[in-house]
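The block underneath contains the structure these notes are about, expressed in structure tokens.
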Ligand code: PMP
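Numbering (this note's numbering), first residue to last: 144 to 596.
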């Protein structure tokens, strides 16, 4: 099956609608069409190579064409590609559930599968609502989430990640959550020093929960790093305070580790930096090493037990997707976890993260328009501002972020901005010299585009 680049470009322009994309802009540009991958590089239909600076949207772990993952997929193909989990079990999904329970916080021993980060979140929200109803606490129907939270694009997930700019179209059918301001908000928007920002954020959460704790089904947070907000980092100390608040108000704590899970922050899960024991943990993206769509909602036994009842009482969790627990995806996920252990990925991430921090000081910090550098492990956001001292943001019409990534692409690097924040989130397999290339090329692109602005 070979098609010319021209043919593909033509079909893409005529038939494809790209996600999160203003298609008017897309149609005016020449699309980059990826044909192959090799290690930490993407290769286009013309054979040009690009360093994958955002892990193919934050999911790739061991690079592309990883031998062990390719083999796991091939071997599972020789057994079965798919069979349903409604009324049946399958081998890889069962093994994976056991392995996830082994590596997760000890409160979480039960795994409910789905196929995207958003569905893992939907499941957590629905489980929380049903749990409280089954316990006779029907008043607990509200959710509390962080300002600028992102939990996926299905309607339930948008309710807890509500942003008026993007979501007002759906407002009539949504029930936005009560929002609490994260420490980043106080530090960056209000210019407080880090200690005071942390205290302000905790006080804000206390105030909101004092007002609505009794009707709150769950608090949902992206632990340590709010990725899609533009890498809003939380300092150590924030999560334990939120966990304590959840306990004090008798509400559930859902941690969404779709982005932070599987090593990105320098521990297998971000909650493990502070020994948090959530009631539910949402996983996706890196669970298959970035190979296949698979997600999981890990649940505490206490919550699970509430759903056990005679059939005719209809207390089961009536939720499932056709491809729930897909054996191909689960087999790759099992191989992914084996690699974490065999290749000591977490230690490697910690080393690389320290190197990334040094490189950022060297290349980003001196730039005139670097406002803030935020990092947890191999997740980094570099916020660009028009005026550094006053923290004046660039006007969205200047499209500073997208111009920078276009420039980086001309130099063989694929990255993606979030507004005026340049995101670096390479595969965990990135080599030292590749990390240097990633940072130096990004800094060069920032300099070229922001000089004279
Ligand atoms: N939660 C978080 C924290 C995320 O970062 C994302 C995706 N970026 C999602 C949920 C949604 O995942 P998916 O795109 O797989 O639906």
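Quick reminder that beta carbons are idealized off the backbone N, C-alpha and C, glycines included.
Return the chain-ordered list of same chain residues with a C-beta closer than 7 Å to the C-beta of residue 534, the five sequence neighbours on each side being excluded.
Within the chain shown, numbered from 1, the residue matching residue 534 stands at position 391. Sequence-distant partners of residue 534 (beyond 5 residues in either direction) whose C-beta falls short of 7 Å from its own C-beta, in its chain, are 514 and 528.
Give the straight-line distance between the Cα atoms of residue 450 and residue 522, rounded to the nearest whole angstrom.
Start at 1 with the first residue of the chain shown, and residue 450 comes out as number 307. Start at 1 with the first residue of the chain shown, and residue 522 comes out as number 379. Taking the straight line from one Cα to the other gives about 37 Å.
Would you grab the beta carbon distance between residue 276 and residue 302 for me? Rounded to a whole angstrom, and I think it's under 8 Å.
Taking the first residue of the chain shown as 1, we reach residue 276 at position 133. Taking the first residue of the chain shown as 1, we reach residue 302 at position 159. Rounded, the Cβ-Cβ distance is 17 Å, inconsistent with contact.
Is residue 184 helix, strand or coil by DSSP?
Reading the chain shown from its first residue, position 41 is the one you call residue 184. In this structure, residue 184 counts as strand in the three-state DSSP scheme.
By the DSSP assignment, the beta strand (DSSP E) with residue 425 in it spans what residues?
Counted from its first residue, the chain shown places residue 425 at position 282. Note, residue 425: beta strand (DSSP E), 423 to 426.
Could you check if residue 238 belongs to the surroundings of the ligand PMP, using beta carbon to heavy atom distance under 7 Å?
Counted from its first residue, the chain shown places residue 238 at position 95. Not under cutoff, so the answer is no.
With a threshold of 8 Å, are at least 3 pairs of Cβ atoms found where one atom belongs to the region 265 to 275 and the other to the region 331 to 350?
no
Would you list, in sequence order, the uninterrupted beta strand (DSSP E) runs of no fewer than 3 residues that lie entirely inside the region 394 to 453?
395 to 399, 423 to 426 and 438 to 443
Cutting at 7 Å between CB atoms, please list the residues of its own chain near residue 417, excluding the five before and the five after it.
Position 274 of the chain shown, counted from the first residue, corresponds to residue 417. Excluding sequence neighbours, residue 417 sits near 379, 382 and 383.
Is it right to say residue 316 is buried, meaning 16 or more other beta carbons lie within 10 angstroms of its own, or is it exposed?
For the purposes of this step, residue 316 is taken as the residue at position 173 of the chain shown. Exposed, because fewer than 16 other Cβ atoms sit within 10 Å of the Cβ of residue 316.
Given that a residue counts as buried once 16 or more other Cβ atoms are within 10 Å of its Cβ, and exposed if not, what is residue 220?
Stepping through the chain shown from its first residue, residue 220 is reached at position 77. By the 10 Å Cβ count, residue 220 comes out exposed.
I'd like the list of long-range same chain contacts for residue 324, defined as Cβ closer than 7 Å, with 5 residues on each side in sequence excluded.
The residue you call residue 324 lines up with position 181 of the chain shown. 290, 344 and 347, listed in sequence order.
In the DSSP output, what is residue 104 paired with across the bridge?
This structure leaves residue 104 out entirely; the chain is present only between 144 and 596.
Find out if the Cβ-Cβ distance for the pair residue 204, residue 520 is shorter than 8 Å.
Translated into positions along the chain shown, residue 204 becomes position 61. Translated into positions along the chain shown, residue 520 becomes position 377. No, Cβ-Cβ distance for residue 204 and residue 520 is not below 8 Å.
What does DSSP give as the partner residues of residue 331 in its beta bridges?
Mapped onto the chain shown, residue 331 falls at position 188. Looking at the DSSP output, residue 331 shares a beta bridge with no other residue.
Could you compute how far the alpha carbon of residue 641 sits from the alpha carbon of residue 479?
The first residue shown for the chain is 144 and the last is 596, placing residue 641 beyond what the model contains.
Tell me, which residues are paired with residue 285 by DSSP?
As a working mapping, residue 285 is identified with position 142 in the chain shown. Paired residue(s): 359.
Using the C-alpha atoms, what's the distance from residue 391 back to residue 164?
Numbered from its first residue, the chain shown carries residue 164 at position 21. Numbered from its first residue, the chain shown carries residue 391 at position 248. C-alpha separation (whole angstroms): 42 Å.
Provide the residue span of the beta strand (DSSP E) that contains residue 146, from first to last.
In the chain shown, the residue the question calls residue 146 occupies position 3. Boundaries for residue 146: no beta strand (DSSP E) harbours it, and the DSSP string shows neither H nor E there.
Within 10 angstroms of its Cβ, does residue 149 collect 16 or more other Cβ (buried), or is it exposed?
Translated into positions along the chain shown, residue 149 becomes position 6. The residue is exposed, with fewer than 16 neighbouring Cβ atoms inside 10 Å.
Based on Cα-Cα distance, which residue from 405, 544 and 516 lies nearest to residue 488?
Within the chain shown, the letter at position 345 stands for residue 488. Minimum Cα distance to residue 488 is reached at 405.
Using three-state DSSP, classify residue 548 as helix, strand or coil.
Translated into the one-based positions of the chain shown, residue 548 becomes position 405. In the structure shown, residue 548 sits in a helix (DSSP, three-state: H, G or I).
Report yes if the C-beta of residue 267 is less than 7 Å from at least one heavy atom of the ligand PMP; otherwise report no.
Taking the first residue of the chain shown as 1, we reach residue 267 at position 124. No; taking the cut-off as 7 Å, the Cβ of residue 267 has no heavy atom of the ligand PMP nearer than that.
Decide if the region 172 to 182 is in contact with the region 439 to 447; the criterion is three or more beta carbon pairs, one per stretch, under 8 Å apart.
no
Return yes when the C-beta of residue 541 is under 7 Å from any heavy atom of the ligand PMP, and no when it is not.
Numbered from 1 along the chain shown, position 398 holds the residue referred to as residue 541. Residue 541 Cβ: outside cutoff for every heavy atom of the ligand PMP.
Of all the alpha helix (DSSP H) runs that stay within the bounds of the region 202 to 239, which reach a length of 4 or more residues?
210 to 220
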